[in-house]
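Written below as structure tokens is the structure these notes are about.
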Amino acid sequence: MEYQEYHYSNPNETEMPPEKEKSRLKRVFNSIKKNTHLITKTIVCFLVILLALAIGFGYSGVMIGRFPDAILETVRDRKLAKLTSTKHFEQMEGNLFREIKYQGKKEDMEKQLRLFIPNIYRLNTQTQEQVKDTVVAESFGTFMLGPPGTGKTLYVKRLCYLMDLELKEMYSLHKDGKKLNKYTPNTLTDNRIKELDKMVSRVHLIVIRPSDINNKYVGESEKRVRKLFQDIKVDKDPYMATFVFFDEAESLFTSRANRQDDSVTAGTMTEFLTQFSDMRNVIYPVFFFAATNMSKQIDSAIFTRFSNKVNFKMPTIENIQGFLDNRLSAVKTTGRFNINVQQLAQICTGLAYSIIDSVCSKFTNMSYDGKVTGFDWAKAKEFTRNYKEMTLRDGVDAEEEN
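16 is the number of the first residue of the sequence shown in this note's numbering; add one for each residue after it.
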């Protein structure tokens, strides 16, 4: 059987001329090309917007694939900044510093106690109007100037403890109804000091470092400054006081000429000056201390808020011997080994207290039960000699640069 091939044809369909077919295909191609360009431009614009947002969030180097992570990290940082802007500043009790023995500056401490104690008495017995007639708010501020490691922090802690003892005694007399208008500081006996050490502290110390205040987000540093002053400007029980110690003050109170980020630092400085000025309106038993070894970088307006200045120099041989006696009092003689303090003081001449303390820690050999078994004199001498040479070399280089 033969099969016949049939072809279906639509009677209504007419064959398109080649010219029209070519024209139709050209229109279709142009349409596709136009739409492709539009889609490409849309994608490019979208990517540009994403990149701009990434840069705005501080992540210019973040890949687009990590963009959601960048947003989450930024939100997290901002929440953390908000939390830390209202942070609680730790207050340490004066009792914590009873073991600190300070060599030198005894006269300066006694002078400041004679200045501070009468002011505390006035704040507890007079109205604010009467207090402001005789007390200057700036007299509650002390700037400590000198090289690093010369005992500025130890000075504040020791003074805090001594002030704590005096206020404990004054509070005891106050409770007993005794008159305090003729109270004389620095007259406590050893037995009385032992009794006062058992009492609750009446002086608290707040240590403020640059990292406690400075924040990269605009306005956050100012919030922290305000929070600090809110914490200290509170009514206290009778004969109580607060010490606020600004460590590395050159990073907190930087002068205009030395500011790297003027917009942020200027706002912080303005807030500090405002808060210090407000302390004149109501005088609180709050004493400010600031330490720096770069006084030229401090804004001059801040210096006017601290009327007291204490200069620190490298310790003398007598200071070093006294420091070593206290530092090694528990370990210098154990029945098995004795450290020669005078010999150690000789090789530590010209060093700061912090370096001398490091020498004691590095080269004292201790047994497992805490007994001194020896002292590595050779390494100690080598260390101190190298340190002095390095310090001298750095000083010469600094002079040449200037």
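All residues carry an ideal CB built from backbone N, CA and C; glycine is no exception.
Exercise for review: Write down every uninterrupted run of the beta strand (DSSP E) in the region 208-248 whose length is 3 residues or greater and which is fully enclosed by it, in chain order.
Suggested key: Correct list: 218-223.
Check your understanding: Is Gly164 helix, strand or coil when you go by DSSP?
Key -> Stepping through the sequence shown from its first residue, residue 164 is reached at position 149. Secondary structure of Gly164 (DSSP, three-state): coil.
Point to revise | Given Glu210 as reference, the closest of Met124, Thr283, Arg129 and Asp179 once Cα atoms are compared | key: Position 195 of the sequence shown, counted from the first residue, corresponds to residue 210. Per the Cα distances, Asp179.
Point to revise | Contact under 8 Å by Cβ, Gly442 with Phe258 | key: Only positions 16 to 417 of the chain appear in the structure, and residue 442 is not among them; the question remains open.
Check your understanding: What three-state label does DSSP hand Lys183 in the structure shown?
Key -> Taking the sequence shown and counting its residues from 1, one reaches residue 183 at position 168. Helix, per DSSP.
Check your understanding: Near Leu267, what residues of its chain come up, given a Cβ to Cβ distance below 7 Å and the 5 sequence neighbours on each side ignored?
Key -> Against the sequence shown, residue 267 aligns to sequence position 252. So the qualifying residues of the chain are Pro225, Ile228 and Phe261.
Practice item. Taking only the alpha-carbon atoms, compute the straight-line gap between Val301 and Thr406 and give it to the nearest angstrom. Key: In the sequence shown, residue 301 corresponds to position 286, counting from 1. In the sequence shown, residue 406 corresponds to position 391, counting from 1. Cα to Cα, Val301 sits roughly 37 Å from Thr406.
Check your understanding: Just to confirm, does Gln145 get its C-beta within under 7 Å of one of the non-hydrogen atoms of the ligand ZN?
Key -> With respect to the ligand ZN, the structure offers nothing, as it holds no ligand at all.
Exercise for review: Specify the secondary structure class of Met405 as computed by DSSP and reduced to three states.
Suggested key: Position 390 of the sequence shown holds residue 405. In this structure, Met405 counts as helix in the three-state DSSP scheme.
Exercise for review: For Asn341, collect the residues of the same chain with a Cβ closer than 6 Å to its Cβ; drop the 5 residues on either side in sequence, then sort them by chain order.
Suggested key: Locating residue 341 in the sequence shown gives position 326, where the first residue counts as 1. Close CB contacts of Asn341 within its chain, under the 6 Å cut and outside five residues either way in sequence, are with Lys116 (chain order).
Check your understanding: If Tyr170 and Arg113 are in contact, beta carbons under 8 Å, what's the gap, nearest whole angstrom?
Key -> On the sequence shown, position 155 is the one that residue 170 refers to. On the sequence shown, position 98 is the one that residue 113 refers to. Their Cβ separation, rounded to whole angstroms, is 15 Å, which puts Tyr170 and Arg113 out of contact at 8 Å.
**Study point:** Reduced DSSP secondary structure (H/G/I, E/B, other) of Thr157
**Key:** As a working note, residue 157 is residue 142 in the sequence shown. Looking at Thr157 - three-state DSSP - the assignment turns out to be strand.
Exercise for review: Assuming Gln106 and Leu243 form a contact by the criterion Cβ under 8 Å, report the distance between their Cβ atoms to the nearest whole angstrom.
Suggested key: Working through the sequence shown from its first residue, we reach residue 106 at position 91. Working through the sequence shown from its first residue, we reach residue 243 at position 228. About 11 Å; that fails the 8 Å criterion.
Check your understanding: CB Phe390 to CB Lys377, shorter than 8 Å?
Key -> Your numbering for residue 390 matches position 375 in the sequence shown. Your numbering for residue 377 matches position 362 in the sequence shown. Judged by beta-carbon spacing, Lys377 lies beyond the 8 Å limit of Phe390, meaning their Cβ atoms are not closer than that value.
Exercise for review: Would you kindly report the start and end of the unbroken beta strand (DSSP E) that includes Val356?
Suggested key: Here residue 356 corresponds to residue number 341 of the sequence shown, with the count starting at 1. Not the beta strand (DSSP E): Val356 falls in the alpha helix (DSSP H), residues Val356 to Ile362.
Practice item. Give me the Cα-Cα distance between Thr108 and Arg173, rounded to the nearest whole angstrom. Key: For the purposes of this step, residue 108 is taken as residue 93 along the sequence shown, with counting starting at 1. For the purposes of this step, residue 173 is taken as residue 158 along the sequence shown, with counting starting at 1. Position check: residue 108 holds Glu in this sequence, whereas Thr was assumed. Taking the Cα positions, Glu108 is about 12 Å away from Arg173.
Point to revise | Separation of Thr199 from Pro133, as counted between CA atoms | key: The residue given as residue 133 occupies position 118 in the sequence shown. The residue given as residue 199 occupies position 184 in the sequence shown. Approximately 9 Å, taken between the alpha carbons.
**Study point:** Endpoints, the alpha helix (DSSP H) within which Met329 is located
**Key:** As a position in the sequence shown, residue 329 is number 314, starting the count at 1. Per DSSP, Met329 belongs to no alpha helix (DSSP H) and is neither H nor E.
**Study point:** Member of Leu62, Phe318, Ala281 and Asn139 whose CA lies at the smallest distance from the CA of Phe304
**Key:** As a first step, residue 304 must be located in the sequence shown, where it is residue number 289. Comparing C-alpha distances from Phe304 to each of Leu62, Phe318, Ala281 and Asn139 shows the shortest one belongs to Phe318.
Review point. Would you call the region 183-194 and the region 203-218 in contact, with 3 or more CB pairs under 8 Å?
Key: Between the region 183-194 and the region 203-218, the count of Cβ pairs shorter than 8 Å is three or higher; the stretches touch.
Practice item. Determine whether the Cβ of Lys248 lies closer than 8 Å to any Cβ atom of chain B. Key: Judged by its chain identifiers, the structure shown contains no chain B, having just a single protein chain.
Check your understanding: Between the Cα of Thr307 and the Cα atoms of Gly161, Lys120 and Leu65, which residue gives the shortest distance?
Key -> Counting from 1 along the sequence shown, the entry for residue 307 is found at position 292. Measuring C-alpha to C-alpha distances from Thr307 to each of Gly161, Lys120 and Leu65 identifies Gly161 as the nearest.
**Study point:** Inter-residue Cα distance where the pair is Arg81 and Val59
**Key:** Counting from one through the sequence shown, the residue named residue 81 turns up at place 66. Counting from one through the sequence shown, the residue named residue 59 turns up at place 44. Residue placement at Arg81 cannot be trusted, given a pLDDT of 49 that sits under 50; what the coordinates show is reported in the next sentence. When rounded, the distance between both Cα atoms is 18 Å.
Point to revise | Cα-Cα separation between Thr149 and Lys183, rounded to whole angstroms | key: Position 134 of the sequence shown holds residue 149. Position 168 of the sequence shown holds residue 183. Looking at the two C-alpha atoms, the distance is approximately 24 Å.
Review point. Going by C-alpha distance, which of Ile371, Met309, Ile298 and Asn323 is nearest Thr331?
Key: The sequence position of residue 331 within the sequence shown is 316, counting from 1. Taking only the C-alpha atoms, the option nearest Thr331 is Ile371.
Check your understanding: Thr280 by DSSP, collapsed to three states: which one?
Key -> For the purposes of this step, residue 280 is identified with residue 265 of the sequence shown, where counting begins at 1. Thr280 falls in the helix class under three-state DSSP.
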